[in-house]
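Numbering (the UniProt record's numbering), first residue to last: 1 to 1071.
Just so you know, even glycine gets a beta-carbon here, dropped at the ideal spot from N, CA and C.
Just so you know, these numbers come straight off a predicted model, no measurement behind them.
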């Protein structure tokens, strides 16, 4: 028995029992089937001749009791099955071999777990109680039952109830209405529960919802509103239903909202108008519903349609209304007709008409003429009325009486008045008028709330029929009529024109006025003769045989229906006879004296004298002359041709045949000429002479160097184009450059010539040379000008003249026939910008300048020095060159071989952002000018300098290449551009993560891989590497690594676990 252990376990229904013996048994209960037992035999020797005898009581199971099994057939376990549930078993195990026979090795008493009950049912009686029923297990023994009740709706502890053998059915009380519960039922035997249990979930009935009402309704919709259940209960939503089920959704489920919940609502749509519906509301919790709350409501029936009144039936005391039944499906019982008076608010008792009666009603009693009545008709279903159909009916008011008209003699306006009927109501009055016996004549209507009205829109000269009606809300009474005639409008004299020995009269009348004829009365104002009257139907009249120069008073009347209009009067004189014998005497430079003789057999009051030029239509009038027969016309414009007119005047009317005479004034000469001289032309600019000038005549002649005057040339220039200008410019073209000329000019107007103006001038010579500037970097203080000669055939000149913009540099000249075509200026300032000008000169008259601009090269510096050198910067300085300059340009190549250019205004500069421990070549160039003003650069000067050492850069590619539990190998690199000096060594610092204790390992400057040993497996380390120069360490590169742990070795097969402790769900063991 050396291979047996001193402990064993029996596992029964998931519960462990410790028994002092030599075997391990596993027991499993299978509900409604039997119990199973597994006996483990550790260290069984299957190759010997030993055996086991297995026996138990009661004798129900497999294998059968008192069974012998050879050791080689057992392996490590003996299986017992088909045991009875709820039964106490006694087990014996005997061992036999060559030396022992039926030795009792193990015995135990075990009670198997009972089977669970069956057929669990729940009968929910109300919101607080439920009846639980079940059947006991069919096989095995049982002593009672254990019931656990869990609330799935509330956070409360589960309730455990111990029940006897005959406790079914059992009633649960004090439950929460609407709550959901889970019931678990176990069988109990000998203080041992069944492994399995039966369970059932159920929900109690929730409480009924509170009172509900219809919150909104129309023809097809009912919206109900209700209160939550009281007392409060548990539920998730409401069930709302309607009957009859006409709605597309006749059963609605509404979720409960809020805690505690508030009022809820639901709407049923698509209902039949006017129908009665039963609506019920229930609370729902899971599959349980409460008792309903029910009420009946009706939808609103459809309103009647085509509600109108018969206009022909409206009188002063009655009217009839008509309507049609609703269009569409609607349930209703009857019609209700209501009448009330607008503005008074009173209403009569409703009139009820059954649904099958005629849909009309006539009102005859208690009606007042002119009043407006508001009539409503509705359909009625139960006690619910439809929306009303309405119509307003106004009765005819009674007509007015005592209608009278009165005419204002001063204005011709007509005022009418009347008296209303006191037994009628009216809001206003309608006044209408129309012309009598005229088709499409003038007519109009207007409204007033007064009983007196002014008709100021009647047209003159008309016969009108005027009517007045009382009006109430647009309903007119019968008419009251009178007739009235209006006076015509006065005509307007449109033209009263004088003719010889008479007058022409024409007039017009108002387009709105009508008249039968016109009457014209005229009378001479300087005599006592009687007025003369003429009658005509035309709109014009000619009066003959009137005295010349006499004035007449004229009146014109319009006549219509025997009434005369107001007159339109006017005063007009007849043409007088003209003067005679008009002559001109005593002429000066800008004035003349005119004389004439007066007329005979004619009246006149004065003489009229006026004048004008031929090109102007407007006359200039002199003051009237009464006592003399001559007049002076002064301040006449030079060069103009004038017409002078003399006439007689009577009452502002001049004779139709005036006398006139013509006169021309000589133009003014040209003066104050300013010459604008060019190479091939001369422009003469001068103030425009006062007065009229038709053209200017210009003459010129060339004068040779020996004084000979060549033939004269001439041209004319229009003077009319310069009338609006203060100055005149006369251009003479095609002249020889550099030659002397004689010029003459004078003005001409109306064939009269002014005095001649003379002057002499020389044209500018031409310069047609090409100019080339010779400038180089070596000769910084001189410049050479090369030019091509200007041909003499194109211009006459004596010499060339050269000048620089520096006033200290003398002007240089060369004769026109000099064959050396260059000029050199020396002792100039290096780097300076010069303006170079060249002329040709003829008799000290210079041509237009030929200008060029150039800058001399600046002088270079001589040497470059440094004042400070660091690892990233160098300060350069140099000497200051002679001459002018704007800046210094410093150039160098960076480590990326990119050319860097810096500008500075002083003779020093600090170059930053350099790489440590590098050679740099610096070049300095002197700059003079800018890109926009001729930039010149000097010859370059260069020097080489090295930056100081610095801290090295960050190590790159720092990562492990081999990782073991106790050591790690790294690889790293440091590019040459990041070394920043001579590398002395690489240092790796490492330590545990979170620890302040670290270790250091150094490596040579040429080593780029290395190992760290003696690390702890499973721990996390931080590794940092730095490079070092003589300046110090560079920045760190960091690597974090957790060291691996290898799998432990496989334990010996003799190692077995030993229990340390246990709980309801765990077991702790050791080896």
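Cα separation between residue i and residue j?
i, j, result
"residue 961", "residue 1034", "23 Å"
"residue 1008", "residue 989", "15 Å"
"residue 946", "residue 779", "35 Å"
"residue 1066", "residue 993", "35 Å"
"residue 153", "residue 138", "34 Å"
"residue 182", "residue 158", "10 Å"
"residue 209", "residue 298", "21 Å"
"residue 541", "residue 556", "11 Å"
"residue 141", "residue 91", "19 Å"
"residue 204", "residue 62", "48 Å"
"residue 977", "residue 867", "26 Å"
"residue 581", "residue 606", "17 Å"
"residue 105", "residue 93", "6 Å"
"residue 260", "residue 247", "31 Å"
So, is residue i buried or exposed, given that buried needs 16 or more other C-beta atoms within 10 angstroms?
i, result
"residue 253", "exposed"
"residue 454", "exposed"
"residue 396", "buried"
"residue 176", "buried"
How is residue i classed by DSSP in three states: helix, strand or coil?
i, result
"residue 205", "coil"
"residue 722", "helix"
"residue 73", "helix"
"residue 976", "helix"
"residue 655", "coil"
"residue 211", "coil"
"residue 166", "coil"
"residue 313", "helix"
"residue 958", "strand"
"residue 1077", "Because the chain spans 1 through 1071 in this model, residue 1077 falls outside it and cannot be assessed."
"residue 409", "coil"
"residue 26", "Note on residue 26: pLDDT 43, under 50, position unreliable in the model; no value is reported."
Tell me whether the beta-carbon of residue i lies closer than 7 Å to the beta-carbon of residue j.
i, j, result
"residue 774", "residue 860", "no"
"residue 911", "residue 944", "no"
"residue 319", "residue 393", "yes"
"residue 579", "residue 596", "yes"
"residue 289", "residue 239", "yes"
"residue 965", "residue 1049", "no"
"residue 731", "residue 683", "yes"
"residue 1078", "residue 887", "This structure gives no information on residue 1078, because the portion of the chain shown stretches from 1 to 1071."
"residue 835", "residue 846", "no"
"residue 670", "residue 757", "yes"
Residues in its own chain within less than 6 Å of residue i by CB, not counting five upstream and five downstream?
i, result
"residue 788", "769 and 770"
"residue 469", "430, 476, 477 and 479"
"residue 160", "148"
"residue 436", "463 and 465"
"residue 89", "56 and 110"
"residue 123", "131"
"residue 387", "303"
"residue 330", "273, 274, 301 and 302"
"residue 233", "177, 178, 206 and 207"
For residue i, I'd like the list of residues in its chain whose CB is within less than 8 Å of its CB, leaving aside the five on either flank, ordered along the chain.
i, result
"residue 701", "709, 710, 711, 712, 713, 741 and 742"
"residue 850", "767, 769, 771, 837, 838 and 839"
"residue 218", "299 and 300"
"residue 199", "120, 182, 183, 184 and 185"
"residue 64", "none"
"residue 460", "412, 486, 487, 488, 489, 510, 512, 513, 514, 560 and 565"
Tell me which same chain residues have a C-beta within less than 7 Å of the C-beta of residue i, skipping the five on either side of it?
i, result
"residue 498", "572, 573, 574, 575 and 653"
"residue 644", "594, 611, 633, 660, 661 and 663"
"residue 604", "549, 576, 648, 649 and 650"
"residue 821", "786, 787, 788 and 789"
"residue 782", "824, 825, 826 and 828"
Compute the minimum distance between the beta carbon of residue i and the heavy atoms of the ligand SAH, and state whether it is under 6 Å.
i, result
"residue 574", "Ligands displayed in this structure: none; no statement on the ligand SAH is therefore possible."
Does any CB atom of chain D fall closer than 7 Å to the CB of residue i?
i, result
"residue 738", "Within the model displayed, chain D is absent; a lone protein chain is all it includes."
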